[in-house]
Amino acid sequence: MAVKEVHEYAKNLVREKKKELKEKASLESEDMLSRFLSSGHSDEDFVTDIVISFILAGKDTTSAALTWFFWLLAKNPRVERELVKEIMEKSEASVYDEVKHMVYTHAALCESMRLYPPVPMDTKEAVEDDVLPDGTVVKKGTMVTYHVYAMGRMESIWGDDWAEFKPERWLEKVDSGKWKFVGRDSFTYPVFQAGPRMCLGKEMAFMQTQRLVAGIMRRFRVVPALAPGVDPHFISFLSSRMEGGFPVKILHRETSHSN
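Position one of the sequence shown corresponds to residue 1 (UniProt numbering), numbered consecutively onward.
So, in structure tokens, the structure goes:
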């Protein structure tokens with residue numbers, strides 16, 4: 001039922017946009033859906049699938065990632081201080097050249113998504129018979145599910161401190177005393193999938209979330225408005241959800257900050 005509703009919603013968006021473009025032939029539309037339809041993509045089912053991809057991949061995953069990120073940040077004031085310090089050292093414009101050098105912010109986002117990946121699990125179908133490195137035989141047509149949420153919490157991969165929100169596990173100090181980002185291979189950290197099916201929007205997603213985090217944290221403090229001692233409940237769906245949402249108080253941040 002839910003899948004049908006999403007599909008109908010997307011199909012209605014396509015039909016309304018096609019009608020709008022037909023009625024206003026001179027309309028200068030800059031949105032991506034208008035560009036798709038105007039460039040000759042008239043297959044309604046194809047464009048509907050594209051719209052659904054935008055909805056799920058572009059909106060829900062970003063909001064899921066940031067919801068859990070701000071929760072973890074609120075629980076770890078030391079990390080928040082380090083992050084705010086880095087943000088304050090950059091210009092308020094948060095242009096690309098500066099955002100890409102926010103290594104601590106980048107590491108904190110990676111660490112947050114390790115614990116709470118926007119897409120907690122995914123399934124692939126084998127297109128032909130295969131044998132995995134450990135000898136497991138996979139027949140053509142077999143559906144294989146991997147659990148990103150579980151992989152991010154495996155002691156064998158992340159060590160005995162896997163439960164800690166620790167951005168430093170993604171960083172190392174260089175001779176200048178500054179942080180250098182140290183990534184993980186995508187098969188160890190499959191938050192954006194891996195191999196030829198790796199998410200094409202990975203870099204855009206990081207740029208978007210880093211700019212949002214920088215803009216918010218520069219001006220405000222995000223304080224959970226939950227009852228004392230109550231932690232949110234994780235719900236594994238198409239994206240990682242927080243049951244009941246994330247009620248917060250938004251407080252103005254003082255211009256000065258402590259190290």
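All C-beta atoms, glycine included, are put in the ideal place defined by N, C-alpha and C.
This one's a predicted model, so the numbers in the text were calculated from it and none came from an experiment.
Asked, Found
"Beta-carbon gap between Tyr104 and Leu83 smaller than 7 Å", "yes"
"Assigned secondary structure, Tyr189 (DSSP; H/G/I helix, E/B strand, else coil)", "coil"
"Three-state secondary structure (DSSP) of Leu212", "helix"
"For Glu172, the residue or residues it bridges with in DSSP", "Lys180"
"Chain-order list of residues whose beta-carbon lies under 8 Å from that of Asp129 (same chain, five-residue window excluded)", "Val137, Val138, Lys139 and Lys140"
"Euclidean distance between Cα positions of Met207 and Val99", "7 Å"
"The region 229-239 in contact with the region 109-123 per 3-pair CB rule at 8 Å", "yes"
"DSSP state of Glu125 mapped onto helix, strand, coil", "strand"
"Contact the region 188-198 vs the region 74-89: 3+ CB pairs below 8 Å", "no"
"Near the ligand PLP: Lys18 beta-carbon under 6 Å from a heavy atom", "The ligand PLP is not part of this structure, which contains no ligands at all."
"DSSP three-state assignment for Pro167, whether helix, strand or coil", "helix"
"Exposure label - Ser250; buried when at least 16 CB within 10 Å", "Note that residue 250 is Ile in the sequence shown here, rather than Ser. Classification of Ile250: exposed, given that the 10 Å Cβ count is below 16."
"Span of the beta strand (DSSP E), counted from its first residue to its last, around Leu251", "Val248 to His252"
"Proximity below 7 Å, CB of Arg218 to CB of Ile87", "yes"
"Cβ pair Lys180, Glu172 closer than 7 Å", "yes"
"Under the three-state DSSP convention, the category Val6 falls into", "helix"
"Neighbourhood of Thr123 by C-beta distance below 6 Å, restricted to the same chain and skipping five residues each side", "Met143 and Thr145"
"Sheet register partners of Val47 (DSSP bridge)", "Per DSSP, none; premise fails for Val47."
"Backbone secondary structure at Asp130 - three-state DSSP", "strand"
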